[in-house]
């Protein structure tokens, strides 16, 4: 329970394989799980009854997010590292239709997707990768709106969009990803201990590195330079 932290329900043996990702619908009436075998399925939150089974990625599902698309249609976007397809759109409907996110998957090229996040206020899907590339698309057509090469890779052209290279000092792999509420911005981190804040549309200057923190990994000492905020 959200306000008290008490356990309300426990559901055993929902799936036969290990659960690797989880999300809930906006009203909390349904939840969705992804498994190590690439399956994505939906359940009634009050009973645990399985009501939807979507197409398989054939590899572990790393991340799930619930969003609203065109005409108010609901969807679950699923990301699988090394899966086929890497990013999939699963419509929250009776027929449980799934299809690959074509523009996003094409922009991945040889990289693996790591996480997904949805900005409901700005109608945006954000996908992170193992090579530091951040892909942003809208939630209506899932077409790319901008691409950030935060690991210092050379700018690339994807359809009508050219990625922006930013010298952020990112080591490559994005290890965590989260939107910042209703703000036109998101946060991501890398395994070396850096946390980054990036701007997105409709901010007048999207694709801009707004701030960077460093968390000294494994350090128990503190100095004047530890944990300082760097702004750009």
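In the numbering used here, the protein residues as written are 462 to 693. Glycine included, every Cβ here is placed at the ideal spot set by N, Cα and C.
(request) Decide yes or no for the touch test of the region 558 to 571 against the region 632 to 648: beta carbon pairs closer than 8 Å, at least 3 of them. (result) no
(message) With H, G and I counted as helix, E and B as strand and the rest as coil, what does DSSP make of residue 564?
(response) Judged by DSSP in its simplified three-state form, residue 564 adopts helix.
(message) Taking only three categories from DSSP, how would you classify residue 638?
(response) strand
(message) Is the beta carbon of residue 579 closer than 8 Å to that of residue 526?
(response) yes
(request) Could you pull the start and end residues of the beta strand (DSSP E) that residue 538 belongs to? (result) 535 to 541
(message) What does the Cβ neighbour count give for residue 514, buried or exposed, with the cut at 16 atoms within 10 Å?
(response) exposed
(request) Kindly indicate which residue of 516, 495, 490 and 540 has the alpha-carbon position closest to the one of residue 481. (result) The shortest C-alpha to C-alpha distance from residue 481 to any of 516, 495, 490 and 540 is the one to 495.
(message) Could you compute how far the alpha carbon of residue 500 sits from the alpha carbon of residue 484?
(response) Distance from the CA of residue 500 to the CA of residue 484, rounded to the nearest whole angstrom, comes to 14 Å.
(message) My output table needs one value for residue 532: the three-state DSSP class, helix, strand or coil.
(response) helix
(message) Spatial neighbours of residue 523 within its chain, please: C-beta separation below 7 Å, excluding the five flanking residues on both sides.
(response) 481, 482, 540, 541, 542, 575 and 576
(request) Check residue 525 in the structure and name its three-state DSSP category. (result) strand
(request) Just list the beta strand (DSSP E) runs in the region 470 to 532, keeping only unbroken ones of 3 residues or longer that don't cross its boundaries, in chain order. (result) Within the region 470 to 532, the complete beta strand (DSSP E) segments at least 3 residues long are 480 to 485, 491 to 496, 501 to 505, 511 to 514 and 522 to 529, listed from N- to C-terminus.
(request) List the DSSP bridge partners of residue 438. (result) This structure cannot speak to residue 438, because the chain is shown only from 462 to 693.
(message) For residue 603 and residue 547, what's the separation of their Cα atoms in angstroms?
(response) 14 Å
(message) For residue 658, which residues in the same chain have their Cβ closer than 8 Å to its Cβ, ignoring the five residues on either side in sequence?
(response) 641, 646, 647, 648, 670, 671, 672 and 673
(request) Please look up how many angstroms separate the CB atoms of residue 596 and residue 550, rounded, as I've assumed it's under 8 Å. (result) Contact flag wrong, Cβ pair sits at about 14 Å.
(request) Can you grab the Cα-Cα spacing for the pair residue 509 / residue 588, in whole Å? (result) 29 Å
(request) Measure the beta-carbon distance from residue 667 to residue 607 and round it to whole angstroms, keeping in mind my assumption that it falls under 8 Å. (result) 6 Å
(request) Return the CA-CA distance between residue 511 and residue 474, expressed in angstroms with no decimal places. (result) 11 Å
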